[in-house]
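Sequence order for the protein chains is V and X.
In our numbering, each residue carries its 1-based index in the first sequence increased by 50.
In our numbering, each residue carries its 1-based index in the second sequence increased by 38.
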Amino acid sequence: MVAFRSTDASGRITGLLFRCVLYSLLALALIIVDKRYDHLGKIRRLLSVAAYPVQVAVASPFQGWNWFRDSVTTRDVLRADKAKLEAELRLAQFRLQRYEALEAETQRLRALRDKTESVTDRFVIGDVMNVDLDAFRERVLVDKGAGDGIYVGQAVLDSGGVFGQVARVGQLTSEVILVSDAAHAIPVQINRNGLRTIAVGTGETNRLKLPYLPTSADVIAGDLLVTSGLGGGFPAGYPVGTIAEVKRDPAQSLADVDVKPAAALDRSKELLFVWLKPQAAELLAPPKAAAVPKK
Amino acid sequence: MMRETRIRRVPMALSAAGALALAVVPLPAVLDAFRPDFLVLVVFYWCIESPRAGGLSLAFFSGLALDVIHGVVLGQHALAITLMGAWATHLRLRIRVFSVLSQCLTIFALLTGYQFVLFWVDGATGNPVTTFGRWLAPFIGALLWPVLTSMMGKIHER
């Protein structure tokens, strides 16, 4: 290939245009193939393994610093932490006492109505890696990947509530798209009255919105939003957020509702990857022929 | 003008790797939108400084690395950086004799072009970024250019 890295007698670079066009076409082809077809998944997975050292190199000084800070905390701080955690645990256990009974009752009632709700089966904890992916998208990188059984679309929770879902899986890492990403939507219902709608991300970390509620909808500030479990991606009944503000403009047909997410989207370091029980998948299968009304 | 192209490969690769790391170093959320495109600046530098060492190949593969690390559609950054790298290579003789201010302005134009290609591909692939924040990066990048050139110059004159 003479055209590559060559100069003519006067020292001018030849083939600049050729190389530019070649690489640009290659890049365009990649974009189209990656967007339209699914063939690049494997390649991307391999490339993400290649990127892993860079990500680890970037994240490790911060991890080292955290480790250092943890190991030199004073006894007083540890004691205060312990007291706080014990108090939290007591409260949590107190709440949990009724949980078993309530869950059994719920299942029984649902069985009466011949319905079962999707229940979480097992979960894996992943750590958020200390790397910034993209300033303008709400995404984080987590140190669990296809090797741990993570799959695309998997629900991700943190201790406060629903965090997001898995957008892309690498061999060692995965990308989680937060509920607040502008491209994310999640089926929810209002806990108080069961009103179902969809919560859409805004691109701002601490705000979601409910764009599809009519102005007359029964929604007030302070209402708790939980996942409805419709669509099958998320388990039902987990907190998504609380209504922060409801603006009703009589001239508009839809209300303007702001939601404050329940999960600590900008602070959580440990995330829960959730698997749903298999029965949920059966429920989501298209209805059998018998269920179709006969004419 | 006959400089060895082989010697430059090492600082080239090292500086690109460093810039790639800077592209994902965690910053406070407030500063995140102000993060300049370090890797793009480094690629421009090599395109202008030693175009024969394969600046365009560096551009393409750097772009690919950015695509993987940012987790966007493969080829997006590669396309943007290749086009602008080629333009920088084309302008290199002029840029070298420019005053610092004109250099900065040229780099600003190139970086804006880079962001525009990214913006376009984002829109074309159906997940547009609608905030104005992304147009800040070219400003910061252009301001950073004189610092970068003097720093890189010192490194590889050694």
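Ideal Cβ placement from N, Cα and C applies to all residues, glycine included.
Bear in mind that the values here come from a model prediction, so they are computed numbers and not experimental data.
Do Val309 of chain V and Ala271 of chain V have their C-beta atoms closer together than 7 Å?
One-based indexing of the first sequence puts residue 309 of chain V at position 259. One-based indexing of the first sequence puts residue 271 of chain V at position 221. Not in contact: Val309 of chain V and Ala271 of chain V (Cβ atoms no closer than 7 Å).
Does DSSP put Ser56 of chain V in a helix, a strand or coil?
The residue you call residue 56 of chain V lines up with position 6 of the first sequence. Interpretation of Ser56 of chain V is limited by its pLDDT of 46, a score under 50 that renders its predicted location unreliable; the figure taken from the coordinates is listed afterwards. Here Ser56 of chain V sits in coil by DSSP.
For the pair the region 81-91 of chain X and the region 90-98 of chain V, tell me if three or more CB-CB distances fall below 8 Å.
no
Just list the residues that DSSP pairs Trp325 of chain V with in beta bridges.
Taking the first residue of the first sequence as 1, we reach residue 325 of chain V at position 275. V:Arg172, per the DSSP bridge assignment.
Can the beta-carbon of Val155 of chain X be found closer than 7 Å to that of Ala118 of chain X?
Mapped onto the second sequence, residue 155 of chain X falls at position 117. Mapped onto the second sequence, residue 118 of chain X falls at position 80. For Val155 of chain X and Ala118 of chain X, yes; Cβs fall inside 7 Å.
Gln141 of chain X, buried or exposed, once every other Cβ within 10 Å from all chains shown has been counted against 16
The residue given as residue 141 of chain X occupies position 103 in the second sequence. Its Cβ being crowded by 16 or more others within 10 Å, Gln141 of chain X is buried.
Could you spell out the range, first to last residue, of the alpha helix (DSSP H) harbouring Glu188 of chain V?
Position 138 of the first sequence, counted from the start, is the residue given in the question as residue 188 of chain V. Counting along the chain, Glu188 of chain V falls outside any alpha helix (DSSP H), and DSSP gives it neither H nor E.
Simplified DSSP assignment, three categories, for Leu304 of chain V:
Here residue 304 of chain V is taken as the residue at index 254 of the first sequence, counted from 1. Strand.
Using a cut-off of 8 Å between C-beta atoms, extract the partners of Glu320 of chain V located in chain X.
Position 270 of the first sequence, counted from the start, is the residue given in the question as residue 320 of chain V. Near Glu320 of chain V there are no residues of chain X at all, since even the closest Cβ is about 17 Å away, more than 8 Å.
Have a look at Ala101 of chain V and Ala305 of chain V and give me their C-alpha separation to the nearest angstrom.
Here residue 101 of chain V refers to the residue found at position 51 of the first sequence. Here residue 305 of chain V refers to the residue found at position 255 of the first sequence. Cα to Cα, the separation comes out at about 44 Å.
Determine the closest residue to Thr247 of chain V out of V:Tyr262, V:Ala233, V:His234, with distance taken between C-alpha atoms.
Here the question's residue 247 of chain V lines up with position 197 in the first sequence. Ranking the options by Cα distance to Thr247 of chain V, first place goes to V:Tyr262.
Can you give me, in chain order, the residues of the region 80-102 of chain V that have a beta carbon less than 7 Å from any beta carbon in chain X?
Answer in chain order: Leu80, Ile81, Asp84, Lys85, Leu90, Arg94, Leu97, Ser98, Ala101.
List the DSSP bridge partners of Gln239 of chain V.
Counting from one through the first sequence, the residue named residue 239 of chain V turns up at place 189. Here Gln239 of chain V is bridged, per DSSP, to V:Arg246, V:Val276.
Could you tell me whether any Cβ in chain V is nearer than 7 Å to the Cβ of Phe98 of chain X?
Sequence index remark: in the second sequence, residue 98 of chain X carries index 60 (1-based). In terms of beta-carbon proximity, Phe98 of chain X lines the interface with chain V, with at least one pair separated by less than 7 Å.
Does the distance from the CB of Ile178 of chain X to the CB of Pro74 of chain X come in under 7 Å?
Numbered from its first residue, the second sequence carries residue 178 of chain X at position 140. Numbered from its first residue, the second sequence carries residue 74 of chain X at position 36. Result yes, Cβ atoms of Ile178 of chain X and Pro74 of chain X sit closer than 7 Å.
Residues in the region 229-254 of chain V having any Cβ partner in chain X nearer than 8 Å
The region 229-254 of chain V vs chain X, Cβ under 8 Å: Ala232, Ala233, Gly253.
With 16 other Cβ atoms within 10 Å as the buried cut-off, status of Val181 of chain V
Translated into the one-based positions of the first sequence, residue 181 of chain V becomes position 131. Buried.
Mind checking which residues open and close the alpha helix (DSSP H) that includes Lys85 of chain V?
Position 35 of the first sequence holds residue 85 of chain V. Its alpha helix (DSSP H) spans residues 66-86.
Heavy atom of the ligand GDP less than 6 Å from the Cβ of Arg125 of chain V, yes or no?
In the structure on display, the ligand GDP does not appear, and there are no ligands present to speak of.
In three-state terms, what does DSSP make of Thr255 of chain V?
For the purposes of this step, residue 255 of chain V is identified with residue 205 of the first sequence, where counting begins at 1. Residue state, collapsed to three classes: coil.
Mark Gln153 of chain X as exposed unless 16 or more other C-beta atoms lie within 10 angstroms of its C-beta, in which case mark it buried.
Start at 1 with the first residue of the second sequence, and residue 153 of chain X comes out as number 115. Buried, because 16 or more other Cβ atoms sit within 10 Å of the Cβ of Gln153 of chain X.
Any Cβ of chain V within less than 7 Å of the Cβ of Arg47 of chain X?
Along the second sequence, read from residue 1 onward, the residue named residue 47 of chain X stands at position 9. For Arg47 of chain X, the answer is no, since every Cβ of chain V falls outside 7 Å of its Cβ.
Proximity of Ser318 of chain V and Asp198 of chain V at Cβ, strictly below 7 Å
Here the question's residue 318 of chain V lines up with position 268 in the first sequence. Here the question's residue 198 of chain V lines up with position 148 in the first sequence. Cβ atoms of Ser318 of chain V and Asp198 of chain V: not closer than 7 Å.
Per DSSP, which one or two residues make a beta bridge with Pro311 of chain V?
Counted from its first residue, the first sequence places residue 311 of chain V at position 261. Answer by DSSP bridge pairing, in chain order: V:Gly291.
Gln143 of chain V, buried or exposed, once every other Cβ within 10 Å from all chains shown has been counted against 16
Along the first sequence, one-based indexing puts residue 143 of chain V at 93. The residue is exposed, with fewer than 16 neighbouring Cβ atoms inside 10 Å.
Is there a Cβ of chain X sitting closer than 7 Å to that of Arg69 of chain V, yes or no?
One-based indexing of the first sequence puts residue 69 of chain V at position 19. Yes - at least one Cβ of chain X is within 7 Å of the one on Arg69 of chain V.
Leu97 of chain V: which of X:Ala124, X:Gly101, X:Phe76, X:Val80 sits nearest, CA to CA?
Mapped onto the first sequence, residue 97 of chain V falls at position 47. For the residues X:Ala124, X:Gly101, X:Phe76, X:Val80, the minimum Cα distance to Leu97 of chain V belongs to X:Gly101.
Let's test the definition: count the other Cβ atoms within 10 Å of the Cβ of Val127 of chain V and tell me whether it reaches 16, buried, or not, exposed.
Locating residue 127 of chain V in the first sequence gives position 77, counting from the first residue. By the neighbour-count rule (16 or more Cβ atoms within 10 Å), Val127 of chain V is not buried but exposed.
If the cut is a Cβ gap below 8 Å, which residues of chain V does Thr163 of chain X touch?
Locating residue 163 of chain X in the second sequence gives position 125, where the first residue counts as 1. Ordered by position in chain V, the residues that pass the 8 Å Cβ test against Thr163 of chain X are Ile81, Lys85.
Would you mind reading off the limits of the beta strand (DSSP E) that contains Gln215 of chain V?
Here the question's residue 215 of chain V lines up with position 165 in the first sequence. Residues 212-219.
How big is the Cα-Cα spacing for Lys85 of chain V and Ala162 of chain X?
For the purposes of this step, residue 85 of chain V is taken as residue 35 along the first sequence, with counting starting at 1. For the purposes of this step, residue 162 of chain X is taken as residue 124 along the second sequence, with counting starting at 1. Roughly 10 Å separates the two Cα atoms.
Under three-state DSSP, which class holds Asp75 of chain X?
Along the second sequence, one-based indexing puts residue 75 of chain X at 37. Correct three-state label for Asp75 of chain X: coil.
Touching by the beta-carbon criterion (3+ pairs, under 8 Å), the region 176-193 of chain V and the region 225-241 of chain V:
yes
Going by beta-carbon coordinates alone, are Gly195 of chain V and Gly220 of chain V separated by less than 7 Å?
Here residue 195 of chain V is taken as the residue at index 145 of the first sequence, counted from 1. Here residue 220 of chain V is taken as the residue at index 170 of the first sequence, counted from 1. Cβ distance < 7 Å, so Gly195 of chain V and Gly220 of chain V count as in contact.
Run of the alpha helix (DSSP H) containing Ser100 of chain X, from where it starts to where it stops:
By 1-based counting over the second sequence, the position of residue 100 of chain X is 62. Unbroken alpha helix (DSSP H) run through Ser100 of chain X: 93-108.
Gly123 of chain X: which of V:Val71, V:Phe173, V:Leu135, V:Tyr149 sits nearest, CA to CA?
Here residue 123 of chain X is taken as the residue at index 85 of the second sequence, counted from 1. Minimum Cα distance to Gly123 of chain X is reached at V:Val71.
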